[in-house]
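Letter 90 of the sequence shown, counting from 1, is numbered 94 in the numbering used here, and no numbers are missing. Every residue, glycine too, gets a C-beta built ideally from N, C-alpha and C. Because the structure is a prediction, the values reported are computed rather than measured. Written out below as structure tokens is the structure these notes cover.
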Amino acid sequence: MPLALVTGTSRGIGKALALRLLDAGWTVEGCSRGEASVTHPAYAHARLDVADEAAVVAHVADVARRRGRIDALVNNAGAAAMNAFLLTPGSVAESMMRVNYLGTFLLTREVAKVMVRQRAGSIVNLTTVAVPLDLEGEAAYVASKAAVEALTRVVAKELAPHGIRVNAVGPGPVDTALTRTVPRDKLAALRARMGLARDLSMDDVVEPILGLLDPASPVTGRILHLGLDGTR
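Here it is as structure tokens:
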């Protein structure tokens, strides 16, 4: 069975993706800062702070030792914040960069070392439509995800000669714990701006990720913003 390492699997997109991968016959190594919420014979869970470099290095090494290989990585763990720019504390900006960018950087670096030895692998990073929309009130969050997109494009070029593909998927409004903290009128305004009749479903988000993880896919270095026309 192929092995996928998925971060942030305790809820939301990460949990939905883990369940779909398990249904498709994958073995899944999940992680989050909390306890597991997925129960399956082919699922293992670890408590992990993705911004803790030493912990990430140790975790990926442990997975590679136990499983022998890592076929896919999905950097789903993330944090969001809505603050007017002039009222945003430096601690919020730092937290966004640590969780969203540094966490993705560290997991990608360590898993890519395993994939280079295999000469194969697929990595998908989670971003957001807030980046191409330059969404007001989310400067720190948008900046951290813009960094993820830049990382995706650069790393895709560096790892392509080793048979490793790196892409990113950026959902629009989807019902998760993060979006439930956003006022409904703001979500409605965002849907209208994007021309969406409804929030995205979990399937709307999970299916493109599964497509990019398919070993038969040739796609790399692409940023797919769901709910917007094409890719960027």
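Is it buried or exposed for residue i, if we count other Cβ within 10 angstroms and need 16 for buried?
i, result
"Leu90", "exposed"
"Gly125", "buried"
"Gly94", "exposed"
"Pro187", "exposed"
"Val175", "The displayed chain sequence assigns Pro, not Val, to residue 175. Pro175 is buried by the Cβ-count criterion."
"Gly16", "buried"
"Gly18", "buried"
"Glu142", "buried"
"Arg169", "buried"
"Pro45", "exposed"
"Ala164", "exposed"
Residue i and residue j look like a contact to me (Cβ under 8 Å); what is the Cβ gap, rounded to whole Å?
i, j, result
"Met119", "His166", "7 Å"
"Ala76", "Leu217", "5 Å"
"Ala154", "Asn87", "Not quite, the Cβ-Cβ distance comes to about 22 Å (not below 8 Å), so this is no contact."
"Asn171", "Leu130", "That pair is no contact at about 11 Å."
"Ala151", "Tyr105", "4 Å"
Do you know how far the Cα of residue j is from the Cα of residue i?
i, j, result
"Val42", "Val223", "30 Å"
"Val128", "Gly215", "10 Å"
"Asp206", "Thr132", "The amino acid at residue 206 is misidentified as Asp; the sequence shows Met. Near 14 Å, if we compare the C-alpha coordinates of Thr132 and Met206."
"Arg123", "Thr108", "21 Å"
"Pro212", "His49", "24 Å"
"Met295", "Ile227", "Because the chain spans 5 through 236 in this model, residue 295 falls outside it and cannot be assessed."
"Ala83", "Val103", "6 Å"
"Met5", "Arg71", "10 Å"
"Glu39", "Val173", "26 Å"
"Arg202", "Arg195", "7 Å"
"Arg1", "Ala55", "A query on residue 1 cannot be resolved here, the shown segment of the chain reaching from 5 to 236 and no further."
"Ala220", "Leu110", "26 Å"
"Arg236", "Thr156", "Because the pLDDT at Arg236 is just 39, under 50, the model does not fix this residue reliably, and the value given afterwards should be weighed accordingly. Distance between the alpha carbons of Arg236 and Thr156 is about 12 Å."
"Leu137", "Ala116", "30 Å"
"Met100", "Asp208", "25 Å"
"Ala28", "Thr92", "42 Å"
"Gly234", "Val158", "The pLDDT assigned to Gly234 is 43, lower than 50, so where the model puts this residue is not dependable, and the model offers no usable value."
"Ala85", "Leu25", "29 Å"
"Gly231", "Lys161", "26 Å"
"Leu139", "Asp179", "18 Å"
"Ala193", "Ala134", "13 Å"
"Arg121", "Lys190", "46 Å"
Name the two residues that bound the continuous beta strand (DSSP E) containing residue i.
i, result
"His49", "47-51"
"Gly174", "168-174"
"Glu33", "31-36"
"Ala8", "7-11"
"Leu139", "It is not in any beta strand (DSSP E) - Leu139 carries neither H nor E in the DSSP assignment."
Hey, could you find the ends of the alpha helix (DSSP H) residue i is sitting in?
i, result
"Leu216", "206-217"
"Ala68", "57-71"
"Thr131", "From DSSP, Thr131 is part of no alpha helix (DSSP H); its letter is neither H nor E."
"Thr112", "107-122"
"Ala196", "188-198"
"Ala76", "It is not in any alpha helix (DSSP H) - Ala76 instead sits in the beta strand (DSSP E) that spans 76-79."
"Leu26", "16-27"
"Leu230", "Taken as a continuous stretch (DSSP letters only), Leu230 belongs to no alpha helix (DSSP H), as it is neither H nor E."
"Thr156", "143-163"
"Ser221", "Taken as a continuous stretch (DSSP letters only), Ser221 belongs to no alpha helix (DSSP H), as it is neither H nor E."
"Ser99", "94-100"
Does residue i have its Cβ less than 9 Å from a Cβ in chain C?
i, result
"Ala68", "Among the chains in the structure shown there is no chain C, since it carries only a single protein chain."
Requested in this report: Evaluate the contact criterion for the segment 5-21 versus the segment 34-54: three or more CB pairs, one atom per stretch, below 8 Å.
Outcome: Enough Cβ pairs lie closer than 8 Å, so yes.
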